[in-house]
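A.B. asks:
Residue numbers (the working numbering): 4 to 987.
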C-alpha cells in the first residue's frame with residue numbers, strides 16, 4: 004500500500020513538472036506541404052556548407068535556402084528515406100531499393116547519380132534505406148537486412164537478419180544487429196561493443212548523440228535511456244527522462260554543450276540538459292504542426308529543424324526574441340507587464356496572469372506556469388507598483404492585487420495609468436488617469452483611500468507630471484494642463500495652441516530625459532518652463548527618426564524605446580554615438596492605435612505588448628549578432644520559362660565561383676535575352692530583417708535601393724557581357740559579401756561573325772553587279788540619247804501647248820467665278836431689301852391697326868353725339884354741332900379698316916384674302932372678327948373695337964363657327980392661328 008502511494012506521488016510530481024513549460028517560447032515557423040509542394044512525411048534533415056537545408060521527403064529530396072523551396076525527384080519517382088552530406092560535399096540519399104547521391108551539374112543544378120550499379124548483383128534486393136552515415140571518406144547505408152559500405156567507388160555489403168540502427172558514438176560507428184547485440188565497426192568488420200552486457204537485447208535504439216568528453220546519450224524506443232562512456236553503458240534515469248521515455252522518443256540532436264533536443268512520436272519535442280532535467284517542451288499546443296516528429300536537426304546557428312509526419316517546422320531557438328502566451332491557447336492581446344516581488348504579472352484583454360520567477364538572467368528560460376488572478380475579467384490597461392503595492396488599471400476600475408486576487412479601490416470609471424505625486428516613497432497622493440480625466444487618491448497607513456477629488460475633462464491615457472503640474476494629451480481632442488495643488492483642489496485648462504503645434508490626431512505626451520515631451524504628426528516638442536510653452540525638442544529630434552512617434556519609454560540605461568507605424572525601435576545611447584536599432588521581426592505584430600506598451604525590465608528582458616500575448620526581447624543578445632551574413636544566387640532562368648534554367652545555384656567544385664564568373668562565362672542566346680534572378684540569404688532566424696541590393700554592371704549605373712524583394716528581372720538585354728551582383732544586410736546595417744554571376748547575351752544570328760562574312764561577300768557581289776549594270780546602262784543611254792532629246796523637245800512643246808490651254812481654262816473659270824460672285828451679291832442685296840420691306844410693312848400694319856382703333860373710337864363718339872341729339876335739348880341745328888357730326892361721319896373711318904386689312908394681310912401672309920377665298924360667304928364683319936381673334940384679343944377688347952356688346956361678340960363667334968364648320972371640341976382661336984399653315 005505504501006509503495007503504491009509513493010508511486011502515485013511520484014507520478015503526480017512528474018506530471019506537474021511536465022505541465023510547467025518555460026515562460027517564453029521561441030518563434031516557430033510552420034512549413035506545411037502546400038508551401039514546399041511535396042509529400043507530407045520528412046524523414047531526415049541536413050545542412051550543407053553553404054547553409055542550404057535538405058529534407059528526405061516522401062516525393063524526393065527537398066532543398067530550402069530561406070526563400071525558395073526546390074524538389075529533386077529520383078528517376079523511379081520513389082521517396083527519400085535518409086540523407087547525409089558527405090565529406091566530399093555530395094548529398095548522399097537512401098530510398099526504396101536505391102542508394103546514390105546528388106551533385107551539381109554543368110548548369111549548376113543538382114543532378115542525381117545512382118550507386119546501385121556498384122552493388123553486387125546478388126545483393127541488389129533490399130528495401131528502404133533508413134540511415135546514411137558518412138565516416139571519413141566512407142559512407143554507410145543501412146537497410147533492414149543490409150548495410151552498404153561505399154569506399155573508393157566500391158560497395159561492400161554486410162548482411163544480417165535485422166540491422167535496427169546505425170549511428171556514431173563520437174568517431175565510432177555503432178549498430179544493433181539481431182542476436183548479436185550492440186556492434187561497432189573496426190578494421191573493416193563488425194565486432195561486439197565492449198562491456199555491452201548491460202544493454203537489453205530487445206532494446207530498439209533510436210538515437211545516439213554525443214555529450215561532453217567521450218560520453219554519448221543513447222535513446223531506445225521502450226527500454227529507457229543510457230549513457231555510453233567510452234565502451235561502458237550505464238542507464239540514464241531521471242524523473243524527466245522517464246516521462247520522455249514513455250512518449251516514444253524517436254531521435255535526438257545536440258543544441259549546445261548543455262542542451263539536447265529529443266523528439267517523440269507522441270508528445271512533440273523536449274529540450275533537456277546534460278543532467279536529464281527538462282528545460283523546455285515544444286508541442287502542438289505551442290505551435291508545432293504535429294506531435295508526431297520523425298527527425299530533428301540543429302543548424303549552424305543553433306536553431307532547431309523538425310521533420311514531421313505532416314510537414315516541416317523551424318524553431319528559432321537561438322533567437323533573441325521569444326513569445327509569451329500567458330493564457331496559452333487563448334492568445335489574447337498583451338496590454339501591460341510588471342515584475343513584482345519575484346513574480347511576473349501579464350495584463351491582457353482577458354485579465355491578469357501571474358507566474359513565479361527563478362534566478363535566471365533570461366526570464367524566458369524560467370520554467371513556470373501562469374495562473375489567472377482572481378478578480379475582474381476583461382481589459383487590463385496598467386500594472387504599476389505604487390508605494391510597495393501592485394496596482395491594476397482595469398476597464399472596471401482601480402484594483403490592488405494581493406494574495407492572488409484583485410481588491411477593488413474605485414469602480415467609478417476605467418483606469419489608464421497611475422503616477423505618484425511625490426518622488427519620495429511612499430507618496431501620500433497618487434494621480435490616476437481615467438476615462439474621464441484625473442482622479443486623486445490618498446495613501447494612509449498602508450491603504451489607498453478615495454477622497455472623491457478629481458479633475459475631469461477628457462479621457463487621460465497619456466499623462467506626464469512636471470513638479471506640481473500634470474499634462475494630459477488626448478490623441479485628437481488636444482492637450483490639457485492640470486494644476487495639481489498637491490492633489491487638494493486641482494484645476495484644468497485646455498492648452499491654447501497659439502503656435503499651432505497640435506495635430507488633428509496622434510497627440511501624445513511622455514516624460515523622457517526628465518522632459519515633458521509632446522509628439523504628434525508635426526514633430527517632437529518639449530515643455531520649456533521658462534517660456535511656459537512647448538518648443539521643438541532639439542535633442543530628441545536629433546535622436547529619434549523623422550516619423551510620428553506613437554510611444555516612448557526610457558529604460559534604466561537611458562536608452563529611448565519608441566514605436567511608430569507599428570515598428571519597434573530603440574535609440575541606443577550606450578556607445579560613443581547614438582544608434583537607432585529597429586526590430587523588423589516585430590513589424591506589424593505589436594499592438595497599435597494608442598495601445599502600444601514597452602516594459603524594459605533590464606537589457607536581457609524587454610517586454611513588448613503584442614496582438615497575441617507579449618514578445619520578450621533579450622536586447623544584449625540581439626545587439627551581439629555580428630556573424631557573417633551569407634548570400635547566394637539561387638537560380639537564374641529565362642523570364643516566364645521556369646524550366647529554362649541557366650544556373651541552378653550550385654558550383655561543381657568548392658571555390659569554383661571566381662573561376663566561373665571570370666573565365667567560363669555562360670553564353671545565352673539572344674532569343675532568351677530576358678533573365679530572372681533568384682537570390683537569398685540562408686539566415687533562417689533573421690529572414691524578416693534581411694534586405695537585398697543588386698546591381699547589373701554594364702546595364703545599371705549603381706546599386707539599387709535596399710529592398711525585401713529577393714528576385715529581379717532584366718528584360719530585353721542587348722548583346723554583351725554582364726555581371727550581376729547582389730548583397731544582403733540585416734537590421735543592424737551589417738552587409739554580406741557580394742555574390743556574383745557573369746553571363747553573356749550572344750548577338751542574334753544576323754549579327755554574328757559568319758553572318759558579317761556573308762554580308763561582305765554579298766556586298767562585293769552587289770557592287771560588281773552594280774558596275775556591270777551601270778556599264779550596260781551607259782551604252783544604252785548613249786544609244787537612246789538622241790531619241791530622248793527629241794522626245795524631250797516634243798514633250799516640251801506639248802507642255803507649252805498644255806500650259807496655254809490651262810491658261811485659257813483658268814481665265815474662263817475666273818470669269819465664271821466673277822459672275823457667280825456678282826449674282827451672289829445681287830441676291831444678298833435683294834434679301835436685305837426684302838427684309839427691310841417686311842419690317843416696314845410690319846410697322847405700317849401696326850400703325851394702321853392703331854388708326855383703326857382710333858376710328859372705332861371716333862365712331863363711338865359720333866354715335867354718342869347722335870344719341871344725345873335725340874335725347875337732349877341741345878341745339879342741334881347749330882353750325883358747330885353739324886360740323887362735328889360731319890367730321891365724325893367722314894368716310895375716312897371706313898377707309899381706315901380697309902387700309903388695316905391690307906397691311907394685316909401683308910403681316911399675316913394674306914390671311915384675310917386666303918380666308919375669304921376659302922370661305923366666300925364670310926361677311927366683312929366676320930372677317931374683321933377673324934382678324935381680331937387671330938390677334939388673340941379678348942371678347943371685351945373686340946366688343947370695344949367693333950362698338951358692340953360682349954354678348955354680340957359671343958353671338959358673332961357662334962355664327963362664325965357655323966360658317967367655318969368647326970366642331971365643338973375645336974378651339975376657334977387655335978383654328979384661326981393654324982389656318983394658314985393648314986392651307987399651305
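Every residue, glycine too, gets a C-beta built ideally from N, C-alpha and C.
Using 8 Å for Cβ pairs, my map puts residue 168 next to residue 208. What's the rounded Cβ distance?
C.D. replies: With a Cβ gap of about 4 Å, residue 168 and residue 208 count as contacting.
A.B. asks: Given that a residue counts as buried once 16 or more other Cβ atoms are within 10 Å of its Cβ, and exposed if not, what is residue 688?
C.D. replies: Buried: at least 16 other Cβ atoms inside 10 Å.
A.B. asks: Pick out whichever of 402, 364, 391 has its Cα sitting closest to the Cα of residue 380.
C.D. replies: Comparing Cα positions, the closest option is 402.
A.B. asks: Could you check which residue in 938, 538, 283 has the C-alpha nearest to that of residue 24?
C.D. replies: Measuring from the Cα of residue 24, the nearest candidate turns out to be 283.
A.B. asks: Between 716, 705, 671, which has its C-alpha nearest residue 642's C-alpha?
C.D. replies: The residue with the shortest Cα to Cα distance from residue 642 is 716.
A.B. asks: Can you list, in chain order, the residues of its chain whose CB lies under 7 Å from that of residue 29, leaving out five sequence neighbours each side?
C.D. replies: Once the five neighbours on either side are set aside, the close Cβ partners of residue 29 are 318, 319, 320, 322, 325.
A.B. asks: Which residue's Cα is closest to the Cα of residue 536: 561, 498, 560?
C.D. replies: The option with the nearest alpha carbon to residue 536 is 498.
A.B. asks: Spell out the partners DSSP gives residue 272 in its beta bridges.
C.D. replies: BP columns for residue 272 point to 266, 285.
A.B. asks: Mapping the DSSP letters down to three states, classify residue 789 as helix, strand or coil.
C.D. replies: Residue 789 falls in the helix class under three-state DSSP.
A.B. asks: Where does residue 835 fall in DSSP's three states?
C.D. replies: Residue state, collapsed to three classes: helix.
A.B. asks: List the endpoints of the continuous alpha helix (DSSP H) containing residue 334.
C.D. replies: No alpha helix (DSSP H) holds residue 334; DSSP gives it neither H nor E.
A.B. asks: What are the uninterrupted segments assigned as alpha helix (DSSP H) that are 4 or more residues long and contained completely in the region 527-597, given in chain order?
C.D. replies: Listed in chain order, the complete alpha helix (DSSP H) runs (minimum 4 residues) inside the region 527-597 are 541-546.
A.B. asks: For residue 217, tell me which candidate among 175, 244, 275, 56 has the shortest Cα-Cα distance.
C.D. replies: Residue 175 is the option with its Cα nearest to residue 217.
A.B. asks: Give the single residue among 234, 232, 293, 246 whose Cα lies nearest to the Cα of residue 224.
C.D. replies: If we check each option's Cα against that of residue 224, 246 comes out closest.
A.B. asks: Between the region 761-775 and the region 626-636, can you find at least three pairs of beta-carbon atoms closer than 8 Å?
C.D. replies: Contact between the region 626-636 and the region 761-775 is absent, because fewer than three Cβ pairs lie under 8 Å.
A.B. asks: Pull the bridge partners of residue 141 from the DSSP assignment, please.
C.D. replies: The partner list for residue 141 (beta bridge, DSSP) reads 138.
A.B. asks: Whose CA, out of 113, 937, 506, 306, lies closest to the CA of residue 914?
C.D. replies: Checked all of 113, 937, 506, 306; the closest Cα to residue 914 is 937.
A.B. asks: Just to check my reading of the structure: residue 48 and residue 68 have Cβ atoms closer than 8 Å, yes? What is that Cβ distance to the nearest angstrom?
C.D. replies: Between residue 68 and residue 48 the Cβ distance is about 14 Å, and since that is not below 8 Å, they are no contact.
A.B. asks: In whole angstroms, what separates the C-alpha of residue 818 from that of residue 787?
C.D. replies: Cα-Cα distance, rounded: 45 Å.
A.B. asks: On the criterion of 16 or more Cβ atoms from any shown chain inside 10 Å, does residue 397 qualify as buried, or is it exposed?
C.D. replies: Looking at its Cβ environment, which holds 16 or more other Cβ atoms inside 10 Å, residue 397 is buried.
A.B. asks: Spell out the partners DSSP gives residue 519 in its beta bridges.
C.D. replies: 514.
A.B. asks: So what does DSSP say about residue 665, is it helix, strand or coil?
C.D. replies: Per-residue confidence for residue 665 stands at a pLDDT of 42, beneath the threshold of 50, marking its modelled position as unreliable; the derived number appears in the next sentence. Note: residue 665 maps to helix in three-state DSSP.
A.B. asks: Could you tell me the distance, in whole angstroms, from the CA atom of residue 298 to the CA atom of residue 595?
C.D. replies: About 39 Å.
A.B. asks: Determine the direct distance from the alpha carbon of residue 413 to that of residue 444, and round the result to whole angstroms.
C.D. replies: Rounded to whole angstroms, residue 444 to residue 413 spans 10 Å at the Cα level.
A.B. asks: Taking 8 Å as the threshold (C-beta atoms), are residue 748 and residue 673 in contact?
C.D. replies: Yes, the pair counts as a contact, with Cβ atoms nearer than the cut-off.
A.B. asks: Over what stretch of residues does the alpha helix (DSSP H) that includes residue 491 continue unbroken?
C.D. replies: That residue, residue 491, is in no alpha helix (DSSP H); it is neither H nor E in DSSP.
A.B. asks: Is the beta carbon of residue 407 sitting closer than 8 Å to the one on residue 357?
C.D. replies: Closer than 8 Å, so yes.
A.B. asks: Given this structure, state the Cα-to-Cα distance separating residue 313 from residue 437, to the nearest angstrom.
C.D. replies: Distance between the alpha carbons of residue 313 and residue 437: 50 Å.
A.B. asks: How big is the Cα-Cα spacing for residue 450 and residue 388?
C.D. replies: If you take the alpha carbons of residue 450 and residue 388, they lie about 14 Å apart.
A.B. asks: Just tell me which of 91, 394, 750, 578 has its CA closest to the CA of residue 722.
C.D. replies: Out of 91, 394, 750, 578, 750 has the C-alpha closest to the C-alpha of residue 722.
A.B. asks: Any idea if residue 385 is buried or exposed, counting beta-carbon neighbours within 10 angstroms, 16 or more meaning buried?
C.D. replies: So residue 385 counts as buried.
A.B. asks: Let me know if residue 534 comes out buried or exposed under the rule of 16 or more other beta-carbons within 10 Å of its beta-carbon.
C.D. replies: Under this definition residue 534 is an exposed residue.
A.B. asks: Thinking residue 130 and residue 115 are a contact (beta carbons under 8 Å), I'd like their distance in whole angstroms, please.
C.D. replies: Actually they are not in contact, since the Cβ atoms of residue 130 and residue 115 sit about 20 Å apart, beyond 8 Å.
A.B. asks: Tell me whether the region 178-198 and the region 153-167 touch, counting them as touching only if at least three CB pairs, one residue from each stretch, are closer than 8 Å.
C.D. replies: A contact exists between the region 178-198 and the region 153-167.
A.B. asks: Specify the secondary structure class of residue 467 as computed by DSSP and reduced to three states.
C.D. replies: It is a strand residue.
A.B. asks: Roughly how many whole angstroms lie between the Cα atoms of residue 719 and residue 524?
C.D. replies: Rounded to the nearest angstrom, the two C-alpha atoms are 45 Å apart.
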